[in-house]
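Numbering (UniProt numbering), first residue to last: 1 to 707.
Take a look at the structure:
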């Protein structure tokens with residue numbers, strides 16, 4: 001399409017079109033010239049757009065004064081007198097003149113016919129006509145041909161008016177069959193004419209016609225423009241747009257308000273679906289989504305030169321181009337306006353601002369008379385909330401088209417940011433459905449394309465939330481969707497751990513059957529803390545799902561160490577039943593048995609000793625190795641009394657603690673060359689009777705028992 005600025009044209013109303021054209025041309029105003037517009041319009045929806053074309057004729061050259069111009073002018077004047085909406089003509093006066101003209105025209109025609117019926121009879125039969133037999137006072141009309149023309153016309157007009165206003169039989173009446181037949185036809189026509197006149201008079205009194213509403217609205221707009229002293233250009237744009245709305249008001253959806261919604265949807269589908277579904281942005285979208293868009297669009301018409309959207313404004317409307325051409329105007333490198341792209345049929349604009357929630361990047365201006373479909377932002381987002389998978393497809397299409405679309409390529413970062421934001425919001429919606437136990441919504445989200453493995457800001461998947469809330473049906477559905485049953489959140493917790501922690505045994509059993517593993521970060525510290533807290537139920541659930549009871553904390557202590565230290569008999573029994581070892585040593589070399597002995601709980605010591613015997617009996621071939629591993633402790637033995645003076649002190653030896661106290665005394669006596677040694681004392685002077693009482697690295701003193 002070619003755009004020029006050589007020839008000036010103006011779309012104006014019929015009352016002042018020529019005057020405006022002359023005035024605009026004299027001022028040198030430039031407008032867009034559109035070639036072959038009529039052919040483009042005729043290819044549209046037939047009579048609808050043709051009516052607007054006829055009403056708003058685009059004149060490429062000024063009309064020349066000719067006979068045809070005069071005839072067309074008279075036709076326009078007659079049309080203006082009948083229904084002209086120009087506010088410069090008084091509406092009430094126009095309607096009254098119209099009604100009087102109609103009545104006079106009808107009665108004049110009837111009067112001529114009455115006179116014609118009388119003159120077509122021979123002169124000798126003039127007495128058998130309505131006028132030849134007429135006597136009014138002393139005047140006789142037996143020789144009516146001799147009367148002057150004015151009197152004859154007045155008499156005929158009087159007969160026609162009286163016949164129309166009465167039942168047809170008064171002081172003047174028909175006297176032959178021809179006149180009777182015509183009067184019958186005339187009276188029948190009068191009933192229709194009378195109804196028309198009465199209806200129009202009623203409309204004048206009641207008001208509310210479309211034309212009058214338009215005129216009232218135009219009057220208010222003119223007052224507003226005068227009060228605010230708006231410029232001439234914007235005045236013409238406002239008037240032209242209101243006139244365009246008036247002329248195209250038959251497309252308003254208000255005429256379909258009384259029709260059921262289902263039928264209205266079918267009407268909209270038949271009229272607008274082809275324009276919406278062929279938009280590249282909606283490629284691959286579902287048919288249901290397209291139908292919802294189609295049923296909510298509104299049709300609008302715009303003049304050439306009108307600005308529909310301005311750069312930097314907030315956009316709340318999405319437009320589809322049906323017919324005509326528009327241009328997107330941006331700011332060039334030199335600061336001047338430059339055309340970014342042309343918008344032709346099957347394209348849309350406003351989508352970038354709405355989808356990416358940014359100001360309108362370009363100004364959109366009409367190049368030729370166009371027909372657009374409009375849907376408001378809120379309705380569009382309501383549809384996207386339901387068909388959100390199509391919303392993701394739309395954003396993908398928008399981003400994929402950046403290579404061929406300069407305006408989209410320049411906004412790639414904004415589009416990508418919005419896509420990431422929508423992905424995060426979608427993950428929250430999926431997690432929310434799982435947290436609330438809404439299986440129906442969750443199925444809808446997943447089957448529409450949402451990723452059930454998507455995690456939230458804490459790294460929790462929908463399965464984490466379903467397990468923590470105990471929703472077995474949600475967990476089963478997610479497992480069927482092949483989610484990762486061993487996914488860990490930012491805290492290292494798995495869905496199985498969440499189910500166990502919250503006490504949902506059925507969900508935990510379901511996850512275990514599906515191969516879920518119990519993984520806990522810092523398992524040893526967690527189990528030791530759990531034992532110290534005395535949470536027996538939680539510990540039992542963890543142990544029943546296979547957690548290793550021999551995990552150690554930072555001090556190499558096992559849960560059994562903690563239970564033995566605090567004398568928690570039931571807790572220790574539970575841990576031993578789960579397979580805890582009584583031979584585990586902490587960083588100081590102490591076993592749970594050592595901790596139990598230091599605690600002094602006899603029941604605990606007995607339980608641990610029984611567990612020790614049982615574990616040794618289960619591995620008889622390894623009993624010696626296990627026993628040896630129980631005594632890898634060392635001690636330091638000195639050959640003097642712990643309370644002796646410094647002068648009496650001697651060097652000692654470091655040795656491994658043997659299996660018995662007698663062996664310790666014998667070995668120490670030999671190494672220290674102290675043959676009289678017979679007793680081992682601690683630093684406090686206490687006599688040690690069993691090697692189990694000796695801790696790793698302890699200082700011992702070999703003395704003679706007689707000392």
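Built from N, CA and C at the ideal position, the CB exists for glycine as well.
Here the structure is a predicted model, which means the values were calculated and not measured.
Return the first residue and the last residue of the beta strand (DSSP E) that residue i is part of.
i           : result
residue 302 : 298 to 302
residue 320 : 317 to 323
residue 547 : Counting along the chain, residue 547 falls outside any beta strand (DSSP E), and DSSP gives it neither H nor E.
residue 681 : 679 to 681
residue 374 : 370 to 376
residue 307 : 307 to 309
Taking 6 Å as the cut-off, does the CB of residue i come closer than this to any heavy atom belonging to the ligand NAP?
i           : result
residue 274 : Among the ligands in the structure shown, none appear at all, so the ligand NAP cannot be discussed.
Once the 5 residues before and after residue i are set aside, which same chain residues still bring their CB inside 8 Å of it?
i           : result
residue 704 : 676, 677, 678, 679
residue 467 : 475, 495, 496, 498, 499, 502, 504, 507, 508, 511
residue 197 : 99, 102, 103
For a test of the three-state rule: what should DSSP assign to residue i, helix, strand or coil?
i           : result
residue 698 : strand
residue 34  : Confidence at residue 34 is low in this model, with a pLDDT of 37, below 50, so its placement is unreliable and the value that follows should be read with caution. In this structure, residue 34 counts as coil in the three-state DSSP scheme.
residue 638 : strand
residue 364 : strand
residue 69  : For residue 69, the pLDDT reaches just 48, beneath the cut-off of 50, and the residue's location in the model is therefore unreliable, although a value from the coordinates is still provided. Helix.
residue 349 : strand
residue 329 : strand
residue 703 : strand
residue 216 : helix
residue 140 : strand
residue 294 : helix
residue 654 : strand
residue 646 : helix
residue 455 : coil
residue 283 : coil
residue 687 : strand
residue 709 : The structure shown does not extend to residue 709, since the chain is modelled only from 1 to 707, so the question has no answer here.
Do residue j and residue i come within 7 Å of each other at the CB atom, strictly closer than that value?
i           : j           : result
residue 418 : residue 356 : yes
residue 633 : residue 657 : yes
residue 320 : residue 348 : yes
residue 681 : residue 639 : no
residue 354 : residue 399 : no
residue 301 : residue 373 : no
residue 487 : residue 454 : no
residue 592 : residue 575 : no
residue 545 : residue 517 : no
residue 119 : residue 160 : no
residue 702 : residue 654 : no
residue 635 : residue 694 : yes
residue 309 : residue 360 : yes
residue 390 : residue 289 : yes
residue 469 : residue 489 : no
residue 200 : residue 99  : yes
residue 532 : residue 562 : yes
residue 141 : residue 134 : yes
Output the boundary residues of the alpha helix (DSSP H) element that contains residue i.
i           : result
residue 339 : It is not in any alpha helix (DSSP H) - residue 339 instead sits in the beta strand (DSSP E) that spans 337 to 343.
residue 157 : 149 to 165
residue 391 : 388 to 400
residue 598 : 592 to 599
residue 528 : 523 to 533
residue 513 : 505 to 513
residue 264 : 261 to 277
residue 122 : Premise fails: residue 122 is in no alpha helix (DSSP H) and is neither H nor E.
I'd like the list of long-range same chain contacts for residue i, defined as Cβ closer than 7 Å, with 5 residues on each side in sequence excluded.
i           : result
residue 116 : none
residue 587 : 555, 556
residue 75  : Caution applies to residue 75, whose pLDDT of 46 falls short of 50 and renders its modelled position unreliable; the value that the coordinates give is listed next. Excluding sequence neighbours, residue 75 sits near nothing in its chain.
residue 136 : none
residue 749 : Residue 749 lies beyond the stretch modelled for the chain, which goes from 1 to 707, so this question has no answer here.
With distance defined between alpha-carbon atoms, name the residue in the options nearest to residue i.
i           : options            : result
residue 240 : 371, 218, 203, 332 : 218
residue 600 : 578, 326, 564, 383 : 564
residue 674 : 231, 651, 604, 687 : 651
residue 472 : 197, 436, 589      : 436
residue 568 : 275, 596, 151, 423 : 596
residue 323 : 292, 364, 126, 368 : 368
residue 274 : 291, 315, 685      : 291
Residues in the same chain with beta-carbon distance under 6 Å from residue i, minus the five sequence neighbours each way, listed in chain order, please.
i           : result
residue 514 : 479, 485
residue 340 : 328, 330, 362, 407
residue 539 : 530
residue 527 : 551, 559
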